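Protein chains in written order, with our numbering: chain A, 1 to 324; chain Z, 325 to 648. C-beta: ideal position from N, C-alpha, C; glycine also. Small disclaimer: the values here were computed from a predicted structure and weren't measured.
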């Protein structure tokens with residue numbers, strides 16, 4: 001009897017993870033018998049699942065919910081719940097309540113089950129744990145000096161995850177996701193939105209705004225690669241991690257110019273012509289503080305697989321979102 | 325009107341800091357008008373103070389106490405309160421309650437005062453934020469992967485201090501103290517106790533036990549140097565720190581053999597003869613996980629002063645504790 005819990009199951013990555021689990025029917029080499037999906041709104045069950053599914057709507061940061069979620073002793077827990085960077089910066093209390101206290105309540109709920117219960121807990125962290133100035137490529141031993149409250153909260157949860165694992169209360173692994181690209185859905189005003197927008201909008205015949213110079217370099221992974229990281233982390237032998245339970249996931253470091261050339265190869269000049277440069281100094285300033293490149297040796301050695309190229313990232317969007 | 329608050333004022337470093345403030349009468353270039361000392365037991369007022377002193381006994385981790393402590397808007401706050409590594413490891417809940425929640429309550433109490441109140445907060449962190457394996461000398465950008473709950477709690481508080489500072493709620497600086505040597509007082513059973521014991525006991529005509537090989541290297545600062553770090557941090561311009569508010573303090577990296585040779589120079593062969601080797605595999609194992617050496621360039625550039633030599637560390641003990 002293998003039970004899987006996804007906390008934050010209604011988000012973009014959570015839904016894709018649930019779909020992947022439904023398609024595979026297994027995770028970490030085990031047949032899935034039951035999948036529980038939690039989020040602040042009721043998550044949809046994945047189509048075609050051959051196992052029992054259950055959806056729970058509720059605020060993860062309210063005392064009591066995590067106790068309910070772990071009462072049935074799920075074997076594998078994916079913790080994807082968070083409010084995003086912009087919201088955590090705008091609402092200081094809400095950010096700490098959900099991103100920090102919510103995670104701590106989960107860890108405590110797991111610990112309080114007792115009786116040898118020690119689930120695999122896969123926690124999604126973020127490259128926002130790092131803050132400029134950076135070396136050219138950030139190594140696995142670079143320190144975490146976040147420049148946002150969101151990054152601070154993720155960093156703190158990484159430390160808690162490692163300590164609760166060291167003490168034997170949980171078998172945790174934290175994975176720092178690159179920026180997800182191409183993010184499906186509508187254009188949005190997030191500072192990072194253009195990295196997906198300049199690919200997604202042209203592929204849908206719409207104009208896209210590019211607010212930064214083409215020399216800007218950033219760190220990307222497709223939604224499919226991100227789900228692959230989560231699934232791989234669920235089955236990984238954590239013994240070689242020792243007390244260092246948090247890993248920077250492998251991404252692709254590309255410039256905006258390289259993104260655009262990949263789009264040209266996949267969709268032609270007509271698509272590229274839909275990108276309109278409209279410099280925005282505010283966005284340029286924000287992006288300047290973000291990590292550009294990493295040297296994620298540990299994760300690669302542990303078998304985490306990045307996308308092969310930015311062209312592949314574009315093709316994954318076409319296949320998974322446009323049905324091409 | 326300058327008010328100074330010492331949280332954890334009854335501890336060894338807290339008492340020496342209060343004595344130093346009483347002697348100087350000033351801190352950060354300002355005349356001290358009032359000094360408030362808090363601890364779980366009522367701290368003693370420093371002798372000879374020319375300013376008002378007030379002692380408060382109370383549990384720093386109980387909601388409400390920090391509000392009381394900051395209601396009078398102290399200009400400079402030294403936060404030294406913590407339970408030690410061994411206790412935080414033995415009592416998981418108590419460690420998190422005091423070392424993490426207590427600090428968070430303090431930061432929140434400061435934030436809630438509002439009205440532009442933004443005190444200088446000097447937080448004592450620890451080299452326990454680092455965990456083996458280490459490079460030969462740990463640089464300022466090395467990551468924090470603590471191997472104890474105490475180190476985890478200190479690491480988390482460093483992150484909170486930086487975020488609350490970045491948001492403008494406090495003007496924080498975290499200083500990672502080396503192991504304090506020569507620690508005054510009686511022999512104790514802490515794993516690190518022998519580093520002080522092999523100096524202190526012979527200087528007092530008593531036998532000392534050495535449980536590790538003489539090749540063991542460690543990172544030391546005298547109590548006087550530690551107080552110097554605190555006072556320097558209180559007056560430092562924090563603008564050059566940017567968002568990187570936590571600093572490894574400069575210490576002396578010496579082997580046990582070098583400690584013993586310094587003792588020989590200061591107190592002769594008779595003192596050294598009082599050191600008895602009694603290997604203890606448990607202690608040797610614990611100490612093997614500790615940092616041996618650092619390259620604390622940032623702190624040195626910012627004017628933090630280490631002890632000049634291990635002989636000086638011994639002489640400071642003689643002067644400050646034995647009245648020599």
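Between the options, which has its C-alpha nearest residue i's C-alpha?
| i | options | result |
| --- | --- | --- |
| residue 189/A | 84/A, 56/A, 230/A, 47/A | 84/A |
| residue 260/A | 217/A, 147/A, 113/A | 217/A |
| residue 106/A | 257/A, 78/A, 286/A, 132/A | 78/A |
| residue 372/Z | 348/Z, 384/Z, 382/Z | 348/Z |
| residue 350/Z | 374/Z, 528/Z, 335/Z, 440/Z | 374/Z |
| residue 163/A | 453/Z, 500/Z, 486/Z | 453/Z |
| residue 8/A | 157/A, 33/A, 37/A | 37/A |
| residue 165/A | 124/A, 120/A, 133/A | 120/A |
| residue 391/Z | 571/Z, 432/Z, 643/Z | 432/Z |
| residue 321/A | 198/A, 290/A, 240/A, 224/A | 224/A |
| residue 132/A | 61/A, 285/A, 306/A | 285/A |
| residue 629/Z | 605/Z, 572/Z, 586/Z | 572/Z |
| residue 30/A | 155/A, 191/A, 232/A | 232/A |
| residue 125/A | 174/A, 91/A, 241/A | 174/A |
| residue 250/A | 45/A, 229/A, 239/A | 229/A |
| residue 441/Z | 395/Z, 568/Z, 419/Z | 395/Z |
| residue 530/Z | 595/Z, 493/Z, 632/Z | 595/Z |
| residue 168/A | 69/A, 242/A, 95/A, 100/A | 242/A |
| residue 151/A | 139/A, 87/A, 193/A, 314/A | 87/A |
Give the interface partners of residue i over in chain A, defined as CB-CB distance under 7 angstroms, in chain order.
| i | result |
| --- | --- |
| residue 523/Z | Residues of chain A passing the Cβ test: none, with the nearest at roughly 32 angstroms. |
| residue 455/Z | 243 |
So with CB distances below 7 angstroms, who are the chain Z contacts of residue i?
| i | result |
| --- | --- |
| residue 143/A | 465, 466, 467, 468 |
| residue 171/A | Near residue 171/A there are no residues of chain Z at all, since even the closest Cβ is about 17 angstroms away, more than 7 angstroms. |
| residue 239/A | None at all; the shortest Cβ gap to chain Z is about 16 angstroms. |
What whole-angstrom Cβ distance do residue i and residue j have, given they're in contact under 8 angstroms?
| i | j | result |
| --- | --- | --- |
| residue 4/A | residue 63/A | So it is not a contact: roughly 24 angstroms between Cβ atoms. |
| residue 210/A | residue 256/A | 7 angstroms |
| residue 97/A | residue 227/A | Incorrect: roughly 28 angstroms between the Cβ atoms, too far for contact. |
| residue 616/Z | residue 543/Z | 7 angstroms |
| residue 537/Z | residue 591/Z | About 22 angstroms separates the two Cβ atoms, so there is no contact after all. |
| residue 451/Z | residue 404/Z | Rounded, the Cβ-Cβ distance is 16 angstroms, inconsistent with contact. |
| residue 42/A | residue 57/A | 4 angstroms |
| residue 221/A | residue 177/A | 7 angstroms |
| residue 511/Z | residue 336/Z | That belief does not hold up - the Cβ atoms of residue 511/Z and residue 336/Z are roughly 15 angstroms apart, past 8 angstroms. |
| residue 191/A | residue 287/A | 7 angstroms |
| residue 384/Z | residue 426/Z | 5 angstroms |
| residue 244/A | residue 469/Z | 5 angstroms |
| residue 352/Z | residue 370/Z | With 8 angstroms as the limit, residue 352/Z and residue 370/Z do not qualify as a contact, their Cβ atoms being about 18 angstroms apart. |
| residue 142/A | residue 465/Z | 6 angstroms |
Name, please, each residue of chain A whose Cβ falls closer than 8 angstroms to the Cβ of residue i.
| i | result |
| --- | --- |
| residue 487/Z | 146, 149, 152 |
| residue 479/Z | 159 |
| residue 491/Z | 92, 149 |
| residue 452/Z | The premise fails here: residue 452/Z is roughly 12 angstroms from chain A at the closest Cβ pair, so nothing lies under 8 angstroms. |
List the residues of chain Z that residue i touches, going by C-beta distances under 9 angstroms, in chain order.
| i | result |
| --- | --- |
| residue 125/A | Simply none; closest approach about 13 angstroms. |
| residue 82/A | Chain Z residues near residue 82/A: none, gap ~16 angstroms exceeds 9 angstroms. |
So who's on the other strand from residue i, going by DSSP bridges?
| i | result |
| --- | --- |
| residue 362/Z | 331/Z, 380/Z |
| residue 122/A | 78/A, 173/A |
| residue 209/A | 276/A |
| residue 577/Z | 543/Z |
| residue 568/Z | DSSP, once it has assigned bridges, lists no residue as partnering residue 568/Z. |
| residue 503/Z | 544/Z |
| residue 462/Z | 618/Z |
| residue 351/Z | 354/Z |
Quick check on the burial criterion: 16 or more other C-beta atoms within 10 angstroms. Buried or exposed for residue i?
| i | result |
| --- | --- |
| residue 269/A | exposed |
| residue 53/A | buried |
| residue 273/A | exposed |
| residue 149/A | buried |
| residue 332/A | Limits of chain A in this structure are 1 at one end and 324 at the other, which puts residue 332/A out of reach. |
| residue 196/A | buried |
| residue 648/Z | exposed |
| residue 495/Z | buried |
| residue 299/A | buried |
| residue 200/A | buried |
| residue 215/A | exposed |
| residue 237/A | exposed |
| residue 265/A | exposed |
| residue 93/A | exposed |
List the residues of chain A that residue i touches, going by C-beta distances under 9 angstroms, in chain order.
| i | result |
| --- | --- |
| residue 334/Z | Ordered by position in chain A, no residue passes the 9 angstroms Cβ test against residue 334/Z, which lies about 28 angstroms from the chain. |
At a threshold of 7 angstroms, does residue i count as lining the ligand FAD (C-beta to nearest heavy atom)?
| i | result |
| --- | --- |
| residue 533/Z | Absence of the ligand FAD is noted for the structure shown, with no ligands found whatsoever. |
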